[in-house]
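Okay, structure first, notes after.
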Amino acid sequence: MTGTADVLVIGGGIAGVSAAARIAPDARVTVLEHEGAIGVHATGRSAAIFIANYGNATLRSLNAVSGPELEAPDFLDDTVLSPRGEMVVATEAELPDLERHLAEGTGVERLTPDEAVALVPVLRRELIHGAAIERDARDIDVDRLLQGFARLLRRHGGRIVTGAGAGRIERADGVWRVATAAGAFEAPVLVNAAGAWADTVAGLAGATPVGLVPMRRSAAILPAPPGHAVDRWPLFVSASESWYAKPEAGKLMVSPADEDPVEPHDAWPDDMVLAEGLDRFERMTTVEVTRVERSWAGLRSFVADRTPVVGFAPDADGFFWLAGQGGYGVQTSPALSRLAADLVLGRVPALPADVVAALHPGRPGLAA
Ligand SMILES: Cc1cc2nc3c(=O)[nH]c(=O)nc-3n(C[C@H](O)[C@H](O)[C@H](O)COP(=O)(O)OP(=O)(O)OC[C@H]3O[C@@H](n4cnc5c(N)ncnc54)[C@H](O)[C@@H]3O)c2cc1C
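The sequence shown begins at 174 in this note's numbering and counts up by one.
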């Protein structure tokens, strides 16, 4: 098979599929995905939460734009968000972290330790010295969002080709030519939305890598603690982000909140990292972890300033970066996909200029 398009997108995660969906009304776009389905890597392994106060100032601007769109997506007949809340709890040693969280956040409410324990009764009251809640944090139905973007893309004539890992990438006569197991594809613009593999793809295309570091994050599903209905609990997280827990279909998802730098790969949890994280969770709660029903890991990929990289590469014609979304790629996908479409299509971005500049691949201190 060969395919000619205006824009090729490498990567069928939330970044690539959402950007392609926003480009598709105005250009012929094809998504190339290595795996047999979309959303197999980071996108399908996330904690699926929207937290407005998560990330640095640039990310919070993206969160602010993305929230209303997730609440009422123009391409779905219903919201992808549902109530959850995020409660931060602090030991005595973590009180400075909690104060920073309260000072930097908007819409974050202080709670007394008693109020925190009333919300999540398995917390050990004697260890909780402070707490705060962002009531407006919400669960995201990631699969509905991803599939919604994919349908929007197809409705506008775009294509998703799975089993199409980009191997050789060449540019000649103003056109990128990408060789994959599913055939060769050509387009003048190449969007690099390859998640943890984005620097690898840049290397194949002869563009300078941005110093992306994939960081493994693990999670485990535990049965609900006996005698507790967990469904209405908020996500609860230690103020130093050394573990967090979240209700998940009547059970509890617990994460060690690990950030171990790794090579890009199909991630799985490290047994020791998971065990140590579960131990940190157990010490703060009355939960006794006797059985892990399921566990997984995914890669959150960051550059040095922990801000996504979005824009045309300064050193490779027609090579567009859409990478480095770290732990925020699902919740910021509405804003980042629209920005990517604006820039790829040569429109003035709807986002403020300082936000666009903070995301640009040519910003100082980025290249590896
Ligand atoms: C445990 C965990 C919890 C998280 N929780 C949240 C959360 O609550 N909220 C939130 O917003 N974000 C969260 N994240 C982050 C979020 O999942 C990511 O930021 C987001 O999914 C990144 O999307 P992506 O499309 O860039 O990457 P991916 O989903 O990894 O997609 C990249 C795709 O590129 C493909 N690819 C790579 N190389 C090639 C190639 N050469 N040719 C073709 N295809 C290629 C891969 O197969 C992959 O499918 C979490 C992540 C993890 C791991």
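C-beta atoms are modelled at their ideal positions from N, C-alpha and C, and glycine is treated no differently.
Values in this document were obtained by computation on a predicted structure and should not be read as measured data.
Which residues in the same chain have their Cβ closer than 8 Å to the Cβ of residue i, if we skip the five residues on either side of it in sequence?
i	result
P246	T252, V253, L318, G321, P507
V460	V295, L395, P398, L425, F454
V383	A371, D372, A375, V476, V482, W494, A496, G497, P534, L539, A540, A541
A305	M260, V261, L271, H274, L275, G278, V281, E282, R283, L284
V403	A397, P420, G423, K424, L425
A337	L205, E206, H207, T353, A354, A355, G356, F358
S468	S391, A392, A393, I394, P442, L447
Within 10 angstroms of its Cβ, does residue i collect 16 or more other Cβ (buried), or is it exposed?
i	result
S255	exposed
L451	buried
D312	buried
A210	exposed
L524	buried
H438	exposed
L235	buried
A430	buried
T175	exposed
T463	exposed
P420	buried
A367	buried
E206	buried
P544	Outside the displayed span of the chain (174 to 541) sits residue 544, for which this structure offers no information.
P387	buried
Since residue i sits in a beta bridge, which residues does DSSP pair it with?
i	result
S468	A393
A194	The partner list for A194 (beta bridge, DSSP) is empty, contrary to what the question assumes.
A360	W349
N365	I183, W494
A263	G303
T335	None, per the DSSP bridge assignment.
I'd like the span of the alpha helix (DSSP H) that includes residue i, first residue to last.
i	result
N226	Segment: none, N226 is in no alpha helix (DSSP H) and carries neither H nor E.
V547	Nothing in the structure corresponds to residue 547, since the chain is present only between 174 and 541.
E288	286–292
R341	Careful: R341 lies outside any alpha helix (DSSP H), inside the beta strand (DSSP E) at 339–345.
L509	506–517
L319	315–328
E307	It is not in any alpha helix (DSSP H) - E307 instead sits in the beta strand (DSSP E) that spans 303–307.
L532	526–532
R479	Premise fails: R479 is in no alpha helix (DSSP H) and is neither H nor E.
L205	Here L205 belongs to no alpha helix (DSSP H); instead the beta strand (DSSP E) covers 202–205.
What residue does the beta strand (DSSP E) around residue i start on, and which one ends it?
i	result
I183	180–183
E421	417–421
L385	It is not in any beta strand (DSSP E) - L385 carries neither H nor E in the DSSP assignment.
F409	408–411
A496	492–496
Within its chain, find whatever has a CB closer than 6 Å to the CB of residue i; leave out the 5 residues flanking it on each side and keep chain order.
i	result
P198	H329
R201	A178, D179
G228	Y501
P361	G347, V348, G491
I342	V351, L377, A378
V293	W406, F409
Does any residue of chain B bring its CB to less than 8 Å from the CB of residue i?
i	result
P398	Chain labels in this structure do not include chain B; a single protein chain is all it has.
Whose C-beta lies closer than 7 Å to the C-beta of residue i among residues of the same chain, with five residues either side of it excluded?
i	result
P522	L512, D515, L516, V529
A489	A378, G379, A380
A440	R389, A470, G471, L472
H302	A263, T264, E265, L268, P286
Contact defined as beta carbons within less than 8 Å: I believe residue i pairs with residue j. What is the distance between those atoms, to the nearest angstrom?
i	j	result
V204	I333	4 Å
A310	F223	6 Å
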